[in-house]
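Peer 1: From first to last, the protein sequence lines stand for chains X and V. Counted from 1, the first sequence has number 209 at position 209 by our numbering; the numbering is strictly sequential. Converting from the second sequence to our numbering requires adding 428 to each position, the first position being numbered 1. Beta carbons: idealized from backbone N, C-alpha and C, even for Gly.
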Amino acid sequence: MALLKTSKFISSVGSLTPSLATLPIRASSWWTEVQMGPPDPILGVTEAYKRDTNSKKMNLGVGAYRDDNGKPYVLSCVRKAEALIASKAMDKEYLTIGGLGEFNKACAELALGLDSEVLKSKRSVTVQTISGTGSLRVGANFLSRFHTVAKDVYLPKPSWGNHTPIFRDAGMQLKAYRYYDPATCGFDFTGALDDISKIPEHSVIMLHACAHNPTGVDPRQEQWKELSDVIKKRNLLVFFDMAYQGFASGDIDRDAWAVRYFIEQGHNVLLSQSFAKNMGLYGERVGGFTVVCADAEEAKRVESQLKILIRPIYSNPPMNGARIASTILNTPDLRSTWLEEVKGMADRIIKMREMLVANLKKEGSTHNWQHVIDQIGMFCFTGLKPEQVERLTKEFSVYMTKDGRISVAGVTSGNVGYLAHAIHQVTK
Amino acid sequence: MSIFGEVPQAAPVAVFKLTADFREDQNPSKVNLGVGAYRTDECQPWVLPVVRKVEKMIADDHSLNHEYLPILGLPEFRSSASKIALGADSPAIKENRVGAVQCLGGTGALKIGAEFLRRWYNGTDNTKTPVYVSAPTWENHNAVFSNAGFEDIRPYKYWDAGKRGLDLEGFLGDLESAPDHSIFVLHACAHNPTGTDPTQDQWKQIADVMKRKSLFAFFDSAYQGFASGNLDKDAWAVRYFVSQGFELFCAQSFSKNFGLYNERVGNLTVVAEDQDNLNRVLSQMEKIVRITWSNPPSQGARLVAITLNTPELFAEWKDNVKTMADRVLLMRAQLKEKLKALGTPGTWEHITEQIGMFSFTGLNPKQVEYMVKEKHIYLMASGRINMCGLTTKNIDYVAESIHEAVTTVQ
Chain X
1 MALLKTSKFI SSVGSLTPSL ATLPIRASSW WTEVQMGPPD PILGVTEAYK RDTNSKKMNL
61 GVGAYRDDNG KPYVLSCVRK AEALIASKAM DKEYLTIGGL GEFNKACAEL ALGLDSEVLK
121 SKRSVTVQTI SGTGSLRVGA NFLSRFHTVA KDVYLPKPSW GNHTPIFRDA GMQLKAYRYY
181 DPATCGFDFT GALDDISKIP EHSVIMLHAC AHNPTGVDPR QEQWKELSDV IKKRNLLVFF
241 DMAYQGFASG DIDRDAWAVR YFIEQGHNVL LSQSFAKNMG LYGERVGGFT VVCADAEEAK
301 RVESQLKILI RPIYSNPPMN GARIASTILN TPDLRSTWLE EVKGMADRII KMREMLVANL
361 KKEGSTHNWQ HVIDQIGMFC FTGLKPEQVE RLTKEFSVYM TKDGRISVAG VTSGNVGYLA
421 HAIHQVTK
Chain V
429 MSIFGEVPQA APVAVFKLTA DFREDQNPSK VNLGVGAYRT DECQPWVLPV VRKVEKMIAD
489 DHSLNHEYLP ILGLPEFRSS ASKIALGADS PAIKENRVGA VQCLGGTGAL KIGAEFLRRW
549 YNGTDNTKTP VYVSAPTWEN HNAVFSNAGF EDIRPYKYWD AGKRGLDLEG FLGDLESAPD
609 HSIFVLHACA HNPTGTDPTQ DQWKQIADVM KRKSLFAFFD SAYQGFASGN LDKDAWAVRY
669 FVSQGFELFC AQSFSKNFGL YNERVGNLTV VAEDQDNLNR VLSQMEKIVR ITWSNPPSQG
729 ARLVAITLNT PELFAEWKDN VKTMADRVLL MRAQLKEKLK ALGTPGTWEH ITEQIGMFSF
789 TGLNPKQVEY MVKEKHIYLM ASGRINMCGL TTKNIDYVAE SIHEAVTTVQ
């Protein structure tokens, strides 16, 4: 953490105890004791990438989809939805605290499936949130206030970097269960089962529904079944984070399988959804938070409390993105276009994984790169060590995070050969 | 046995419940004087013409995409929004000691400011610093600060029900007796819910005490331009405090003055002593944003930024704002005239003396209940009415109803 810099000497006034002598205005600042916040590691990667003048440079830190030309991709269903919305010349009146009703309904149906018993019996509540982060935050606040029997949230090791500070700031305690096996670059199934079987009752367990971030390692369906069993035995509260539905396998139902299976097995889950990646609506901040309850009456009570939590954060959510998402989900031909386009994104990612491995073999690499193909979603835990990552950056202008994670979205058919070459050079 | 079995049903937020009740009411004469959103003389929401124009510009610009904004928001929005609050020629801006965080509406700006203050103001993680909000104030102020962790939220005297005006003596007295370093939430203009603002002279007195006692000024500016029709006039108090050397926060909302209610466009302007302090403050605010909403929504900020940074559009916007402010002023004048003409007991000068969207009518809870139940005129239990809900078509009915309420209900 950066050291404090003070240009003037100031006695302990203001920094330790509240009721102290008056500070003369402009002789000193209120903020002298404020430390410089640490730079965001991922942002740092992008900053360094921008400064690099090498024409072959690659940014594999970015967590946003890129097309095969390395450009941001606005889905055509999004453009069409926007045109449709513009033609209606709607007003800009406040949404309710819980957000756009037609969006919430479609959001829940997308995750749970149209034929879901939960939806039929109206025993869930879905509120519109500020994308995935906002959803997790509302969920964390809800748990902190109402799940008083247990304060622990168990995250997979590793998990998305922002999970920990979100839950911690909400007042929860963070613990972990084994997940990623660096020896295989795969799922540490026995380790996970072992750890989970020891988690104290009523604790919250966070599960990535699909396309685990940052490893790309997902359990297989038979493994999910066993996980569900042991979680049920331990009587844990399940919180699914689903940021990549459709984006992982290309099939929205397949990607939601774990969520639906758990619900069928009787877990009344919490669920965060994001439409940042699967609809490319990153900056519009589109997400949902769902609580599956015992019955409709409980769902109403929970909904009322979610509103009380949301109001003092931002009053009510932004319309634009939710309107676009809702239009897409609720307009048949836009929805089918979306399904094609999200599959297109997923397919490109899968293709890049295959090409990377093929090119590594062509380069003469004798390492086992199967995990690059087995992993799923935007990210890949390459297995590269920090020194190797540093060499990739310094010698080849390939930018990624120190943990060896690459965003496959940053790989194109034009640069995959170069990437394979670079990786081979630092690993042979 | 559900883990949520003990979760109690929360009471609905009053102002939204009022609108819900209004919607369900089948009476043809019904009038909604509740929630604070502008209405035209046809009682319709009004999307500003300049907003429609810029929306189209954005839609037609296919070079634009939906990528993430930076955590602190769209840079051209943040800087132009701060200029609106402080003035383009603000010395503080020239001295590079003004920064901003794009937030989710005015609420979001208050939230980020409150979270920062709890962590870093008056010590670190000092939840005991008193936070003063006006009596009365916007009902969400309390919750924003208490949810940020502040344990001691107190009222400062503000509204004098007897004289239907500002209780300056009480206000100054509370400032004097406040512990040093206390935080004061000040309404920059068009006080919500009373519509009663301090005069410039009174602001000077307030600033004097605050400076002497090192009280922190946290301005809530939700109606700039909307109050008097003039942006600079409505920003006088904030700019005065800056000129007096205060480090302060100003939570700006563009919901009303741009009519962008549902796009959640807000800006937390930070004025610090110098650039170094400013940078450290912003770096910590970034961390708070990251665990709250990661980065803000793009549409509304783009719209405002383009408008404020394009001279012809900026001029058109100011004109649109004046249109809204003028209609409100007209309704105020007419309501007062009608009440006087009816001979309604009491003085009604406050209706034109008050400013902005709201008016504290002075109606008591029983009279309010009468208005709602018998006359189907929906207003807050506090007696607050939204002047925008008045039109040339319903103003007679409303005036007569107020007359009835005052004369028949005690």
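Could you tell me whether any Cβ in chain X is nearer than 7 Å to the Cβ of residue 659 (chain V)?
Peer 2: Numbered from its first residue, the second sequence carries residue 659 (chain V) at position 231. By this cut-off, residue 659 (chain V) is not an interface position.
Peer 1: Does the stretch 231-239 of chain X come close enough to the stretch 193-209 of chain X that 3 or more CB-CB pairs lie under 8 Å?
Peer 2: Touching, yes, given that three or more Cβ pairs across the two stretches are closer than 8 Å.
Peer 1: Can you give the Cα-Cα distance for residue 554 (chain V) and residue 544 (chain V), rounded to whole angstroms?
Peer 2: As a first step, residue 554 (chain V) is located in the second sequence; it is residue number 126 there, counting from the start. As a first step, residue 544 (chain V) is located in the second sequence; it is residue number 116 there, counting from the start. If you take the alpha carbons of residue 554 (chain V) and residue 544 (chain V), they lie about 11 Å apart.
Peer 1: Alpha carbon to alpha carbon, what distance is there between residue 772 (chain V) and residue 765 (chain V)?
Peer 2: For this step, residue 765 (chain V) is matched to residue 337 along the second sequence. For this step, residue 772 (chain V) is matched to residue 344 along the second sequence. So the two alpha carbons sit approximately 10 Å from each other.
Peer 1: Hey, how far is the Cα of residue 515 (chain V) from the Cα of residue 660 (chain V)?
Peer 2: On the second sequence, position 87 is the one that residue 515 (chain V) refers to. On the second sequence, position 232 is the one that residue 660 (chain V) refers to. Whole-angstrom Cα-Cα distance: 7 Å.
Peer 1: Per DSSP, residue 530 (chain V) is paired with what?
Peer 2: What you label residue 530 (chain V) is simply residue 102 of the second sequence in a count that begins at 1. Beta-bridge pairing links residue 530 (chain V) to V:695.
Peer 1: What ranges does the alpha helix (DSSP H) occupy inside the stretch 350-408 of chain X, keeping only unbroken runs of at least 4 residues that lie completely in it?
Peer 2: With a minimum length of 4 residues, the continuous alpha helix (DSSP H) runs that stay inside the stretch 350-408 of chain X are 370-374 and 386-396.
Peer 1: Does any residue of chain X have a CB that is nearer than 7 Å to the CB of residue 438 (chain V)?
Peer 2: What you label residue 438 (chain V) is simply residue 10 of the second sequence in a count that begins at 1. By this cut-off, residue 438 (chain V) is an interface position.
Peer 1: If the cut-off is 9 Å on Cβ atoms, which residues from the stretch 30-52 of chain X count as contacting chain V, listed in chain order?
Peer 2: Per Cβ criterion, the list reads 30, 31, 32, 33, 34, 35, 36, 37, 38, 39, 40 and 43.
Peer 1: If contact is defined by three or more beta carbon pairs under 8 Å, each pair taking one atom from either stretch, is the stretch 408-421 of chain X in contact with the stretch 47-59 of chain X?
Peer 2: The stretch 47-59 of chain X vs the stretch 408-421 of chain X: in contact.
Peer 1: For residue 356 (chain X), count neighbouring C-beta atoms within 10 Å of its own C-beta (all shown protein chains included) and say buried if the count is 16 or more, exposed if not.
Peer 2: Mapped onto the first sequence, residue 356 (chain X) falls at position 356. Residue 356 (chain X) comes out buried.
Peer 1: Please classify residue 751 (chain V): does DSSP put it in a helix, a strand, or coil?
Peer 2: Here residue 751 (chain V) corresponds to residue number 323 of the second sequence, with the count starting at 1. In the structure shown, residue 751 (chain V) sits in a helix (DSSP, three-state: H, G or I).
Peer 1: Below 8 Å on the Cβ atoms is my guess for residue 279 (chain X) versus residue 328 (chain X); work out the distance and round it to an integer in Å.
Peer 2: Residue numbering aside, residue 279 (chain X) sits at position 279 when the first sequence is read from its first letter. Residue numbering aside, residue 328 (chain X) sits at position 328 when the first sequence is read from its first letter. About 7 Å separates the two Cβ atoms, so the contact holds.
Peer 1: By DSSP, does residue 129 (chain X) sit in helix, in strand, or in coil?
Peer 2: By 1-based counting over the first sequence, the position of residue 129 (chain X) is 129. It is a strand residue.
Peer 1: Got a sec? Which residues, its chain only, sit under 6 Å from residue 113 (chain X) by beta carbon, not counting five neighbours each side?
Peer 2: For this step, residue 113 (chain X) is matched to residue 113 along the first sequence. Within the same chain, residue 113 (chain X) has close Cβ partners 260.
Peer 1: Here's a check: name, in chain order, each residue in its chain whose Cβ is nearer than 8 Å to the Cβ of residue 121 (chain X), leaving out the five neighbours to either side.
Peer 2: Here residue 121 (chain X) refers to the residue found at position 121 of the first sequence. If we look at residue 121 (chain X) and ignore the five residues flanking it on each side, its Cβ neighbours are 295 and 296.
Peer 1: Report yes or no: do the stretch 280-287 of chain X and the stretch 124-131 of chain X share at least 3 C-beta pairs separated by less than 8 Å?
Peer 2: Yes, the stretch 280-287 of chain X is in contact with the stretch 124-131 of chain X.
Peer 1: Ends of the alpha helix (DSSP H) at residue 605 (chain V)?
Peer 2: Counted from its first residue, the second sequence places residue 605 (chain V) at position 177. That run of the alpha helix (DSSP H) goes 596-605.
Peer 1: So with Cβ pairs under 7 Å, would you call residue 586 (chain V) a contact of chain X?
Peer 2: In the second sequence, residue 586 (chain V) corresponds to position 158, counting from 1. Taking Cβ atoms only, chain X never reaches closer than 7 Å to residue 586 (chain V), which makes this a no.
Peer 1: Strictly under 7 Å for the Cβ-Cβ distance: is residue 692 (chain V) near chain X by that measure?
Peer 2: Stepping through the second sequence from its first residue, residue 692 (chain V) is reached at position 264. Yes, because at least one Cβ of chain X sits closer than 7 Å to the Cβ of residue 692 (chain V).
Peer 1: Using three-state DSSP, classify residue 582 (chain V) as helix, strand or coil.
Peer 2: To locate residue 582 (chain V), count along the second sequence from 1; it is residue 154. Correct three-state label for residue 582 (chain V): strand.
Peer 1: At a CB-CB cut-off below 9 Å, which residues of chain C make contact with residue 84 (chain X)?
Peer 2: Chain labels in this structure do not include chain C; the protein chains are X and V.
Peer 1: State yes or no: is the beta carbon of residue 445 (chain V) nearer than 7 Å to at least one beta carbon in chain X?
Peer 2: Stepping through the second sequence from its first residue, residue 445 (chain V) is reached at position 17. Taking Cβ atoms only, chain X never reaches closer than 7 Å to residue 445 (chain V), which makes this a no.
Peer 1: Which residues in the same chain have their Cβ closer than 8 Å to the Cβ of residue 473 (chain V), if we skip the five residues on either side of it in sequence?
Peer 2: The residue you call residue 473 (chain V) lines up with position 45 of the second sequence. Counting only Cβ-Cβ distances below 8 Å, and skipping sequence neighbours, we find 465, 466, 467 and 687.
Peer 1: Do we get a CB-CB distance below 7 Å when we pair residue 541 (chain V) with the residues of chain X?
Peer 2: Your numbering for residue 541 (chain V) matches position 113 in the second sequence. It does not: the Cβ of residue 541 (chain V) has no partner Cβ on chain X nearer than 7 Å.
Peer 1: Any C-beta of chain V sitting closer than 7 Å to the C-beta of residue 214 (chain X)?
Peer 2: Along the first sequence, read from residue 1 onward, the residue named residue 214 (chain X) stands at position 214. So, not an interface residue.
Peer 1: Could you give the distance in angstroms between the alpha-carbon of residue 577 (chain V) and the alpha-carbon of residue 110 (chain X)?
Peer 2: As a position in the second sequence, residue 577 (chain V) is number 149, starting the count at 1. As a position in the first sequence, residue 110 (chain X) is number 110, starting the count at 1. Residue 577 (chain V) and residue 110 (chain X): Cα-Cα distance of roughly 36 Å.
Peer 1: Expressed to the nearest angstrom, what Euclidean distance is found between the alpha-carbon atoms of residue 709 (chain V) and residue 681 (chain V)?
Peer 2: For the purposes of this step, residue 709 (chain V) is taken as the residue at position 281 of the second sequence. For the purposes of this step, residue 681 (chain V) is taken as the residue at position 253 of the second sequence. So the alpha carbons of these two residues sit roughly 21 Å apart.
Peer 1: Nearest to residue 763 (chain V) by CA position, among V:721, V:778 and V:738, is which residue?
Peer 2: What you label residue 763 (chain V) is simply residue 335 of the second sequence in a count that begins at 1. Comparing Cα positions, the closest option is V:778.
Peer 1: Could you confirm whether any beta carbon from chain V is found closer than 7 Å to the beta carbon of residue 68 (chain X)?
Peer 2: Your numbering for residue 68 (chain X) matches position 68 in the first sequence. Judged by the 7 Å Cβ criterion, residue 68 (chain X) is not in contact with chain V.
Peer 1: What is the C-beta distance between residue 498 (chain V) and residue 723 (chain V), in whole angstroms, given that I count them as a contact (C-beta under 8 Å)?
Peer 2: Start at 1 with the first residue of the second sequence, and residue 498 (chain V) comes out as number 70. Start at 1 with the first residue of the second sequence, and residue 723 (chain V) comes out as number 295. Sure, about 7 Å apart at Cβ, within 8 Å.
Peer 1: Give me the subset of the stretch 719-734 of chain V whose CB atoms are less than 8 Å from a CB atom of chain X, sorted by chain position.
Peer 2: Those would be 719, 720, 721, 722, 723, 724, 725, 726, 727 and 728, in chain order.
Peer 1: Taking Cβ-Cβ distances shorter than 7 Å, what residues in chain X pair up with residue 520 (chain V)?
Peer 2: Numbered from 1 along the second sequence, position 92 holds the residue referred to as residue 520 (chain V). In chain order: nothing, as chain X lies at least about 11 Å away.
Peer 1: Using a beta-carbon distance below 7 Å, is residue 494 (chain V) in contact with chain X?
Peer 2: Locating residue 494 (chain V) in the second sequence gives position 66, where the first residue counts as 1. Residue 494 (chain V) counts as touching chain X.
Peer 1: Let me know the secondary structure DSSP gives residue 555 (chain V) once reduced to three states.
Peer 2: Residue mapping note: residue 555 (chain V) aligns to position 127 of the second sequence, counting from 1. Reduced to three states, the DSSP call for residue 555 (chain V) is coil.
Peer 1: Which two residues bound the contiguous alpha helix (DSSP H) that contains residue 203 (chain X)?
Peer 2: Here residue 203 (chain X) refers to the residue found at position 203 when the first sequence is read from its first residue. Taken as a continuous stretch (DSSP letters only), residue 203 (chain X) belongs to no alpha helix (DSSP H), as it is neither H nor E.
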